[in-house]
Structures are given as structure tokens and as C-alpha cells.
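Chemist: The structure is given below, and queries will be raised subsequently.
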Amino acid sequence: MTGLTMDAVMRRFQDIHSVSQEAIETISLWVMHYKDKKSIDTIVEAWLECFKIAKKDEQRIALFYVMNDVVQRAKNKHMDVLIPAFQPAVLSAVTMGKNSASVKQVMSRCIDIFAERQVFTEATVNVMKNMLQSEENGEGDESFAELDSEEVYRKIELFERGRLIVNRGMEVIRNGDFDCKALMKERMRDRTVAAQLVMETQQVLFFSHFFRVHSMFYKLL
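Mind the numbering: the sequence shown is residues 1 to 221 in the UniProt record's numbering, read in order.
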């Protein structure tokens with residue numbers, strides 16, 4: 001399969017002139033043919049660029065429906081690359097498209113489906129909903145919206161991973177029959193190991209505070 005170019009993908013997306021199921025599925029199935037990361041990244045970048053420059057609400061609605069169809073198919077087929085690739089772009093699109101009532105209505109409906117079918121993580125869906133309801137206007141500063149969404153997504157993933165690790169660790173401690181204090185004393189006998197333990201503890205405390213502050217800011221807790 002030949003490599004994709006940004007221009008070629010944008011032409012495909014810009015050819016969508018209706019929100020009919022046939023039109024949506026045609027472009028969605030075309031996207032699904034590409035499974036390598038480089039092609040997927042090009043597709044996502046082109047999709048977001050087309051969403052940015054779309055002059056009519058109908059085209060933005062069609063593009064959002066295409067993305068919705070793609071990520072749901074990816075979820076059903078267990079294609080792990082597509083959904084994470086689209087997450088930052090979808091956050092940017094929500095920020096840009098919410099100023100139109102018709103686009104906002106479609107996005108809200110799709111986001112509810114994402115939550116119901118667990119297409120995106122719960123934390124990501126919450127951020128989408130918060131962005132959709134925010135009164136801030138994201139249309140005038142699209143570059144900021146894109147950069148911000150990348151950072152938000154990164155922090156969400158870090159928060160989710162950290163939460164899972166902590167929960168699993170607590171479960172091990174609750175069910176374990178080992179003596180934590182004894183293990184700590186054993187490790188502290190070696191100066192190098194002790195220094196590493198102190199550093200790890202400081203990192204845990206720092207990231208615990210970091211995630212709590214940011215989770216409160218983004219209303220994730």
C-alpha cells in the first residue's frame with residue numbers, strides 16, 4: 001500500500017458533501033484500510049486540518065460523524081492505534097466546533113455514545129464534556145487549542161496509568177502477608193538503595209500532588 005500524503009487525504013475528506021450514512025461509511029472504511037502509524041497520523045492530521053478550515057457547519061458535522069464511525073469500528077475490531085491517535089484531534093475539534101449550535105448538538109450526541117460504549121476513556125470523555133460546556137471561545141486560537149489538547153491528553157493518560165498502578169499496589173498490600181516495615185529496613189541497609197528509595201518516594205509525593213491539582217482543574221475527580 002502506497003504512502004499517504006497530507007494533500008491526498010485532505011482531498012478525500014473535503015469531498016464529503018453530505019452526512020448520509022453511505023457517504024460517512026465510504027470514507028470511514030477507506031480510513032480503516034490504513035493500519036500503520038505513519039498513515040494513521042497523516043489521516044488524523046488531515047482530518048483536523050479539514051475541520052479547522054471547513055467553511056460550513058455541514059462539513060464539520062460530516063467530519064465529526066466520520067471520526068465517530070471510525071473510532072467505533074476501531075473499538076469493535078480492537079484496533080489499538082486509531083483511537084489514541086484521534087483523541088487529541090477530537091479534543092481540538094470540540095473546542096473549535098462548539099460555537100455552532102448545530103455542530104455542538106452533533107458533538108454532544110457523539111460524546112454521549114463514546115461514554116456509553118466506552119470508546120474513549122472515562123477521563124477523556126469528561127474532558128470532552130467539560131470543553132463542550134465551557135464558555136471560552138476556542139475558534140480564534142486554534143493553534144493553542146491543538147497544543148492544549150495534546151497536553152491534556154498526555155496528562156489524562158498519565159493520571160489514568162498512575163491511578164491504576166496505585167489501585168493495584170494497594171490491593172497487593174491489602175492481600176499480602178509480608179511486612180512492609182521489614183522490607184523497608186532491609187532496603188535501607190544499603191546507602192545506594194536507600195538514596196534511590198528516598199528519590200522514588202519524593203517522586204511519588206510530587207506526582208500525587210501534581211495529578212490531584214490537575215484532576216481538580218479538569219474536573220476529573
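Beta carbons: idealized from backbone N, C-alpha and C, even for Gly.
Bear in mind the structure is a predicted one, so any value in this text is a computation, not a measurement.
Specify the secondary structure class of residue 4 as computed by DSSP and reduced to three states.
Modeler: Coil at residue 4, not helix or strand.
Chemist: Could you compute how far the alpha carbon of residue 98 sits from the alpha carbon of residue 132?
Modeler: Their backbone Cα atoms lie some 6 Å apart in a straight line.
Chemist: Out of curiosity, what's the CA-to-CA distance linking residue 145 and residue 165?
Modeler: Its pLDDT being 46, under 50, residue 145 is placed unreliably by the model, and nothing is read from it.
Chemist: Give, in chain order, every unbroken run of the alpha helix (DSSP H) that is at least 4 residues long and sits entirely within the region 94–122.
Modeler: Listed in chain order, they are 101–117.
Chemist: Assuming contact is defined by CB atoms lying nearer than 8 Å, are residue 34 and residue 27 in contact in what I supplied?
Modeler: No, these two residues do not count as a Cβ contact at 8 Å.
Chemist: Can you give me the C-alpha to C-alpha distance between residue 126 and residue 23, rounded to a whole angstrom?
Modeler: Computed Cα separation, rounded: 29 Å.
Chemist: Counting only the same chain and skipping the five closest in sequence on each side, list residues whose C-beta sits under 7 Å from that of residue 40.
Modeler: So the list reads 34, 81, 82 and 85, once near-sequence residues are dropped.
Chemist: So, using beta-carbon positions, are residue 91 and residue 128 closer together than 8 Å?
Modeler: Cβ atoms of residue 91 and residue 128: closer than 8 Å.
Chemist: Might you give, ordered along the chain, the residues of its own chain that have their beta carbon closer than 8 Å to the beta carbon of residue 30, omitting 5 neighbours on each side?
Modeler: Closer than 8 Å at Cβ, skipping near neighbours: 12.
Chemist: With C-beta atoms as the reference, is residue 19 less than 8 Å away from residue 65?
Modeler: Against a cut-off of 8 Å, the Cβ pair of residue 65 and residue 19 comes out as a contact.
Chemist: Give the straight-line distance between the Cα atoms of residue 121 and residue 70, rounded to the nearest whole angstrom.
Modeler: If I take the Cα positions, the gap works out to 16 Å.
Chemist: Grab me the residues of residue 46's own chain with a C-beta within less than 7 Å of its C-beta, minus the 5 sequence neighbours each way, in chain order.
Modeler: 6, 9, 10 and 13, listed in sequence order.
Chemist: Sort 116, 21 and 100 by Cα distance to residue 57 and report the nearest one.
Modeler: Here the closest residue by C-alpha is 100.
Chemist: Residue 105 to residue 38, Cα distance in whole Å?
Modeler: Each residue's Cα considered, the two are about 32 Å apart.
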